[in-house]
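J.: Structure provided below as structure tokens; questions to follow.
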Amino acid sequence: EGQFDRIVSVGMFEHVGVVHYRSFFDKIRSLLTSDGVALIHAIGRFDGPAPTNPFITKYIFPGGAVPALSEVLPAVERAGLLVTDLEILRLHYAMTLRHWRQRFRGAWHIAAERYGERFCRMWEFYFAAAEIGFRYENLMVFQLQLTKDQKALPLTRDYIGEAEQQLRLRNVARQPARRAKR
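One point on numbering: in our numbering, the residue at position 48 of the sequence shown is 48, and numbering is uninterrupted.
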């Protein structure tokens with residue numbers, strides 16, 4: 001109910017399903033104010049529409065799908081939304097997966113005690129295979145910035161850096177003063 005000036009979706013779009021893309025973006029459009037902005041952050045594929053890896057759909061993300069932009073963008077357009085920015089994060093998630101795998105291996109004994117060795121082997125395989133998919137194959141993360149009005153945001157991304165700097169300054173100002181070490 002109601003409308004919002006900002007909507008953010010992270011890691012959920014992969015579970016919407018291609019047959020529901022239009023209703024998903026219709027809903028976003030109905031929830032956005034006239035000058036509102038939505039950001040959709042999702043795993044995607046470079047090589048066009050294709051079935052998601054069966055291992056992933058069976059063991060890791062049941063019911064999930066890795067979309068191609070050629071499947072997503074027509075639904076955005078039909079919903080009457082404008083793509084005001086699109087960022088493709090190519091190798092970033094490969095690095096994330098590598099770090100997750102290292103941390104997982106560091107806590108293997110805890111996970112194995114709770115979930116079993118088979119579970120741990122499955123997730124280590126997933127982290128390693130997914131890293132390869134992002135580093136050498138067809139996987140990427142995309143971020144779609146959507147609006148109803150092309151004038152809803154500044155022309156360049158400069159405002160993002162400026163807002164980050166203001167946030168940093170605000171956070172520094174909130175930190176208690178530290179005493180000098182003697």
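All C-beta atoms, glycine included, are put in the ideal place defined by N, C-alpha and C.
Count the other CB atoms within 10 Å of the CB of Val37; is the residue buried (16 or more) or exposed (fewer)?
T.: Per the 10 Å Cβ criterion, buried.
J.: Could you give the first and the last residue of the continuous beta strand (DSSP E) run that contains Gly44?
T.: That run of the beta strand (DSSP E) goes 32-45.
J.: If distances are taken between C-alpha atoms only, which option among Arg174, Leu73, Ile56 comes closest to Asp26?
T.: Closest option to Asp26, Cα to Cα, is Leu73.
J.: In three-state terms, what does DSSP make of Arg103?
T.: Reduced to three states, the DSSP call for Arg103 is helix.
J.: Count the other C-beta atoms from every protein chain shown that fall within 10 angstroms of the C-beta of Val19, then say buried if there are 16 or more, exposed otherwise.
T.: Val19 is exposed by the Cβ-count criterion.
J.: Just the Cα atoms here: how many angstroms apart are Ala94 and Glu71?
T.: Roughly 23 Å separates the two Cα atoms.
J.: Assuming contact is defined by CB atoms lying nearer than 8 Å, are Phe46 and Met140 in contact in what I supplied?
T.: The answer is yes: Cβ separation under 8 Å.
J.: The alpha helix (DSSP H) that contains Arg122, what's its start and end?
T.: It is worth fixing the name first, because residue 122 is Met in this sequence and not Arg. Looking at the DSSP string, the run of the alpha helix (DSSP H) that includes Met122 is 117-136.
J.: What residue does the alpha helix (DSSP H) around Pro85 start on, and which one ends it?
T.: Reading the sequence as shown, one finds Asp at residue 85 and not Pro. It is not in any alpha helix (DSSP H) - Asp85 instead sits in the beta strand (DSSP E) that spans 82-89.
J.: With a threshold of 7 Å on Cβ separation, who are the neighbours of Pro49 within its own chain once the five nearest residues in sequence on each side are excluded?
T.: Within the same chain, Pro49 has close Cβ partners Ala68, Ser70, Glu71.
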